[in-house]
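Per the working numbering, residue 20 is the first one in the sequence shown, and the count goes up by one each step. Heads up, the thing below is written out as structure tokens.
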Amino acid sequence: MSDTIERIKCLIIGSGPAGYTAAIYAARADMKPVMYTGMQMGGQLTTTTEVDNYPGYPNGTDGTAMMNDLKKQAERFGTEVRFGLVTKVELSDKVGGIHKIIVDESKELEAETVIISTGATTKYLGLESEQRLIGGGVSACATCDGFFYKGQDVIVVGAGDTAAEEATYLANICNKVTMLVRKDHMRASKAMQHRVNKTANIEVLYNTELDEVLGESVVEGARVVNNQTKEKHDIDITGVFIAIGHKPNSDLFKGVLDMDEVGYLITQGKSTKTNLPGVFAAGDIQDKEYRQAVTAAGTGCMAALDAERYLGALE
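Next comes the structure, spelled out in structure tokens:
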């Protein structure tokens, strides 16, 4: 550890729309925020090729460009953006207490307030062809990308409520939606199963898994396999939507901050306050309902305002 410990008024852990928006507001409030971006600067959105649903971009943009814009805006007001990974935290449970942070297992920091915007990681199947075609027809967000498949045929992989919601959403846009369910039943609630079953252009294939995504640079089809008979066949589709869940990036805070059974941080009421004073959570790390860039940015704004008010009350 270094001999001199840096003291930071507002430390932001994680980048992305929530982190950068928090940084913009915190910097404008003269909180001199320091951000550690994590290993994926800009967060999940940097894996998205086209973004058409974020306000202020009438002609659309791509995720990396948008995150670069937000980063420049945060830096314009004085945010110090650092590439690094927070590896350990010792968070105070006292009002006005100092939070101790370790970055890259070596650099020790002290923070008066902490804004956590580490996000959630999409769960993928792990197929080589799936990973290669992310952004080229493979998506994990129907609300984000469904528009691009208007009038086309797509598949949805998954059996829970999220998969059922994605399928019914896409059914309003696409020509046909094929759901791949690896068991002989869906895990979704009865209400969601009913919605799927009564939607004419949704076909559910049970005991069926995705074997390979076909195509070189864009999705041109999918090879599926019946896990009972081992029979394989190809489906002509242009889009693959993976809906098997997300993993919140909250392992660092287990046993310290309140979280649900999955790992999403729990915030108090309509605020971004966690169970510890001076610690706030914004974006997908605390939002399992919407998971949109614009809602993440909104909670980033809230977190900075909550942090500013917290510090103001200490004076």
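We put the beta carbon where it would ideally sit given N, CA and C, even for glycine.
In the DSSP assignment, Y73 falls outside any alpha helix (DSSP H) and carries neither an H nor an E. Here the C-alpha atom of K142 lies approximately 12 Å from the C-alpha atom of C160. A Cβ-Cβ separation of about 6 Å places V105 in contact with I120 under the 8 Å criterion. Pairing I24 with E131, the inter-Cα distance amounts to about 13 Å. In the three-state DSSP reduction, R310 falls in the coil class, being neither helix nor strand. Taking all protein chains in view, the Cβ of I31 is crowded by 16 or more other Cβ atoms within 10 Å, so the residue is classified as buried. A straight line joining the alpha-carbon of S111 with that of K307 spans about 26 Å. Within the same chain, Cβ atoms closer than 7 Å to the Cβ of V223 are found at M198, V200 and V215, the five residues on either side in sequence being excluded. In the three-state DSSP reduction, N245 falls in the strand class (E or B).
Nearest in C-alpha terms to T56, of all of D49, T218 and A42, is A42. In the DSSP assignment, the residues bridged to C29 are T132. Beta-bridge partners of K126 (DSSP): V122.
Beta-bridge partners of L224 (DSSP): L199. Contact annotation: A332 and T318 have beta-carbon atoms that are not nearer than 8 Å.
C-alpha of C163 to C-alpha of E69: approximately 9 Å in a straight line. The continuous beta strand (DSSP E) containing H265 extends over residues H265 to P267. In this model, V244 and S148 are separated by some 15 Å (Cα to Cα). Under the three-state reduction of DSSP output, L333 falls in the helix class. Boundaries of the beta strand (DSSP E) around R101: E99 to R101.
Here I261 is not near V133, since their CB atoms are 8 Å or more apart.
Counted as a single uninterrupted DSSP element, the beta strand (DSSP E) harbouring G258 occupies residues G258 to I261. The beta carbon of G155 lies closer than 8 Å to those of T68, G234, S236, V237 and V238 in the same chain, with the five residues before and after it left out.
As for any alpha helix (DSSP H) of minimum length 4 sitting wholly inside the region 130 to 184, the runs are 147 to 151 and 161 to 164, ordered along the chain.
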